[in-house]
Structures are given as structure tokens and as C-alpha cells.
Amino acid sequence: MARYTIDDAVTDLSAVLDRAPKGAVSGEWTASTMQAGHADMSGGYKDSSGAYLSDPHGALFDAIQQIMSRLADAGHDRFNRMQITWTAGSWPFRKSKVTVQTLFDAASVPRGADDPVFERAADCRRRIWEDAGAYIEGYAARSEAANAHRQTAWFGPHRRVLLVRDQHGLHLVTDGLSTPWAGIAEPENGVECELILPMDMFGEPQSLDVQTDAQTVDLWATTLIAVGDLVADGYRVARDVSVHGAILFCALPDGCLPYTRLILSLDGRVLSNLPFGNVPLLRATPIREAELDGLDLDGTWAADAAKTILQRRHTKA
Numbered sequence: 001m002a003r004y005t006i007d008d009a010v011t012d013l014s015a016v017l018d019r020a021p022k023g024a025v026s027g028e029w030t031a032s033t034m035q036a037g038h039a040d041m042s043g044g045y046k047d048s049s050g051a052y053l054s055d056p057h058g059a060l061f062d063a064i065q066q067i068m069s070r071l072a073d074a075g076h077d078r079f080n081r082m083q084i085t086w087t088a089g090s091w092p093f094r095k096s097k098v099t100v101q102t103l104f105d106a107a108s109v110p111r112g113a114d115d116p117v118f119e120r121a122a123d124c125r126r127r128i129w130e131d132a133g134a135y136i137e138g139y140a141a142r143s144e145a146a147n148a149h150r151q152t153a154w155f156g157p158h159r160r161v162l163l164v165r166d167q168h169g170l171h172l173v174t175d176g177l178s179t180p181w182a183g184i185a186e187p188e189n190g191v192e193c194e195l196i197l198p199m200d201m202f203g204e205p206q207s208l209d210v211q212t213d214a215q216t217v218d219l220w221a222t223t224l225i226a227v228g229d230l231v232a233d234g235y236r237v238a239r240d241v242s243v244h245g246a247i248l249f250c251a252l253p254d255g256c257l258p259y260t261r262l263i264l265s266l267d268g269r270v271l272s273n274l275p276f277g278n279v280p281l282l283r284a285t286p287i288r289e290a291e292l293d294g295l296d297l298d299g300t301w302a303a304d305a306a307k308t309i310l311q312r313r314h315t316k317a
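Just so you know, the sequence shown maps onto residues 1 to 317 in this note's numbering.
Below you can see the structure in the form of C-alpha cells.
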């Protein structure tokens with residue numbers, strides 16, 4: 001069988017691109033190969049004014065992915081992106097013109113499953129707690145359900161909760177939200193935060209015992225994993241907490257009664273020197289439904305109500 005070439009790719013793409021929407025005079029696209037289970041494409045057809053025309057990517061995306069796979073299988077130089085241009089012909093006198101260029105963009109190579117940055121982030125967090133004089137008793141909850149690219153629901157390999165004890169008592173702390181995401185290239189510390197849940201509200205700070213209060217610890221550790229899922233799935237939650245100071249973040253499951261809602265606020269501490277800089281620690285505070293009585297829950301994240309509740313608690317303390 002003849003080796004698949006760029007000329008073959010041009011011929012195959014022409015057949016797809018010539019089914020252009022009405023008014024299209026040109027088009028340009030940039031597509032990535034499948035990397036860590038993800039591929040993308042940008043661009044589209046343009047009209048005579050240079051404006052993009054609305055047109056679904058589906059058939060073209062599939063065709064480009066197939067063509068890139070055939071070029072890769074044919075032994076061409078390593079590439080992970082393809083740039084395509086299309087110029088309409090003056091039918092029936094001139095055919096359309098298609099160009100195809102492959103290139104390798106090192107900056108877009110995603111972190112692989114064995115990238116050392118993941119464990120470097122975990123080691124850094126552990127050192128931060130140890131340097132602060134906190135004793136780490138182990139994982140209160142953890143999930144090993146990562147895919148082949150080491151992506152969990154937190155998009156990195158670590159989805160777990162630590163038990164940390166210091167002079168103020170026992171705390172549950174997420175361990176993995178700030179791990180850089182697997183399968184992408186961006187230099188970011190995950191969702192740029194970690195959560196801490198002080199356990200003093202469930203008993204006297206120094207009297208809580210991991211063994212005798214195992215049921216309480218397990219309940220809130222599991223809950224904190226689920227809250228972490230919401231933070232990871234949200235958009236810039238840490239930024240919103242930083243902007244508003246505190247937010248009414250989510251409802252709690254019935255197993256957490258009498259607590260029904262959760263507030264996220266700035267703890268004041270920062271986890272420093274992670275692989276891509278510093279991230280804030282966000283304090284998770286469970287509240288009872290009655291604490292919302294008479295408060296205005298309108299506005300972004302009901303931030304005013306959240307701050308009022310925290311202020312009342314601080315005043316009582």
C-alpha cells in the first residue's frame with residue numbers, strides 16, 4: 001500500500017471542505033491530535049467580510065482526526081497540530097484550494113501519567129503541614145479511581161483527604177485539588193486551592209479522637225471529597241471566594257444533619273511553593289438551616305449572607 005501523504009490529505013479534505021455553507025469564501029482551522037484522551041479544533045468558514053460563519057464542526061473534526069491518524073501511521077515527522085486553509089474556487093472554472101501543514105508544538109504536550117510534577121505537588125503540601133507543626137495521621141478518605149491518564153474527578157491523580165492535628169485540634173484537609181491536572185499542558189496548580197474543615201465544631205477540639213470518633217471523621221471526610229468534586233467541576237471557585245470573602249457554596253447531604261449548607265471562605269493561610277506558585281487555603285464551614293433565617297440570599301453566591309453568618313459565629317466565640 002502506498003504511503004499516505006500530505007497530498008492525499010489535501011485531496012481527502014477538499015471533498016469535505018467543499019461542502020461549505022452558503023456565503024463561505026475561505027476558511028482556516030487548527031486542530032490537535034488526540035493527546036491524553038482529548039483533541040480540539042478551532043477556526044471555521046469565513047464570508048467575504050472576514051466574519052466567521054456558523055457551521056457545525058462534527059463531520060470536519062472527525063475527518064481531520066482520521067487524516068492525522070493516517071499521516072502519523074505513515075511515519076511522517078512527529079506532529080501534534082495541523083493547520084488547514086481553504087479558499088473557494090470560482091466554480092465551475094476554478095477548483096477550491098486547500099493547504100495542510102503539520103507541526104509539533106512542544107508547549108501543548110500534555111502531562112503524561114508518569115509526570116513527576118504530581119508527586120512533587122503532594123510532597124510539597126505534606127512538607128507545608130509538617131513545617132507548620134501539624135501531625136498528619138493518614139488519609140481519612142481517598143480515591144484511586146483514576147483513568148489511564150491519571151485523571152480523577154479532580155482532573156489530577158490525587159483525590160483524597162488528610163487528617164491533620166495541630167495545637168488547635170483535628171482538621172480534615174483536601175489533598176489534590178492543587179495538584180496540576182493530568183492530560184493538559186497549562187502551568188496551573190489544578191483548581192488553585194485546597195479546602196480545610198476544622199473538626200472542633202463536632203466536639204471539644206482536643207478531645208476528638210480518630211478511633212472513638214471514627215464515624216464522624218468518616219462522614220465529613222467523605223463529604224469533603226464530594227465538596228472537592230464540586231469545586232473541581234466549578235469555574236474559578238477560589239477566585240470567587242477571594243473576591244467575595246465568603247460564599248454559600250452548596251447544600252449538604254441528609255447524613256450531615258443538623259448541618260444543611262456549606263460556606264467557603266478564605267482561611268488566611270497560603271500553600272506556598274507548589275509547582276506553579278502559591279494557592280489559598282479555603283475554610284469549609286457547615287451551617288444549620290436556621291442560621292439563614294432572615295438573611296438575604298440574593299446576589300452572587302449569597303455572599304452577604306455567608307459573611308454575616310461567619311461574623312455572628314466570630315462574635316459569639
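Every residue, glycine too, gets a C-beta built ideally from N, C-alpha and C.
Can you tell me where the alpha helix (DSSP H) holding residue i begins and where it ends?
i	result
LEU17	6 to 17
MET41	MET41 -> not in any alpha helix (DSSP H); beta strand (DSSP E) instead, spanning 41 to 46.
CYS256	It is not in any alpha helix (DSSP H) - CYS256 carries neither H nor E in the DSSP assignment.
ALA238	237 to 244
Going by beta-carbon coordinates alone, are residue i and residue j separated by less than 8 Å?
i	j	result
GLY23	GLY44	no
ILE247	LEU264	yes
ALA141	VAL164	no
PHE61	PHE79	no
MET201	LEU170	no
MET41	ILE64	yes
ARG150	ALA122	no
VAL279	SER178	yes
LEU13	VAL98	yes
ARG111	PRO157	no
CYS250	LEU282	no
ASP18	SER96	yes
TRP154	ALA232	yes
ILE6	VAL100	yes
Here's a check: name, in chain order, each residue in its chain whose Cβ is nearer than 6 Å to the Cβ of residue i, leaving out the five neighbours to either side.
i	result
ILE128	LEU271
VAL237	VAL231
THR222	ALA141
PRO258	ARG288
How should residue i be labelled, buried or exposed, when 16 other C-beta atoms within 10 angstroms of its C-beta is the threshold for buried?
i	result
GLY228	buried
GLN206	The pLDDT assigned to GLN206 is 49, lower than 50, so where the model puts this residue is not dependable; a value taken from the coordinates is nonetheless given after this. GLN206 comes out exposed.
LEU274	buried
VAL243	exposed
GLU192	buried
VAL50	The sequence shown places Gly at residue 50, not Val. Burial call: exposed.
ARG261	buried
GLY75	exposed
ALA9	buried
THR152	buried
ARG159	buried
ALA94	Before going further, note that residue 94 is Arg rather than Ala in the sequence given. Exposed, by the Cβ-count rule.
ALA2	exposed
Answer with yes or no whether the minimum CB distance from residue i to chain C is below 8 Å.
i	result
VAL164	No chain C appears in this structure, which consists of one protein chain only.
State the start and end residues of the unbroken beta strand (DSSP E) segment that holds residue i.
i	result
MET68	Looking at the DSSP string, MET68 is not in any beta strand (DSSP E); the run it does join, the alpha helix (DSSP H), is 58 to 73.
ASP229	Per DSSP, ASP229 belongs to no beta strand (DSSP E); it is in the alpha helix (DSSP H), 214 to 233.
ALA284	277 to 288
VAL173	169 to 175
SER26	26 to 32
LEU197	194 to 198
With a CB to CB cut of under 7 Å and the five nearest residues on each side skipped, what residues in its chain are close to residue i?
i	result
LEU197	HIS171, LEU172, TRP220, LEU224, ALA284
THR174	VAL161, GLU194, LEU195, LEU224, GLY228
ALA305	LEU248, LEU292, LEU295, ASP296, LEU297
PHE276	PRO180, PRO187, GLU188, ASN189
THR87	SER26, SER96, LYS97
GLY138	LEU163
If you drop the 5 nearest sequence neighbours on each side, which residues of the same chain put their C-beta closer than 8 Å to that of residue i?
i	result
LEU310	ALA246, ILE263, SER265, THR285
ARG349	Residue 349 lies beyond the stretch modelled for the chain, which goes from 1 to 317, so this question has no answer here.
ALA331	An answer regarding residue 331 cannot be provided, because it is not within the stretch 1 to 317 covered by the chain.
CYS256	LEU219, TRP220, THR223, PRO286
The ligand PLP and residue i: does any heavy atom of the ligand fall closer than 7 Å to the residue's C-beta?
i	result
ALA226	Among the ligands in the structure shown, none appear at all, so the ligand PLP cannot be discussed.
- prompt: At what residue ranges does the segment 81 to 159 contain a whole run of the beta strand (DSSP E), taking only runs of 3 or more?
  reply: Note on the segment 81 to 159: whole beta strand (DSSP E) runs with a minimum of 3 residues are 81 to 87, 97 to 103, 135 to 142, in chain order.
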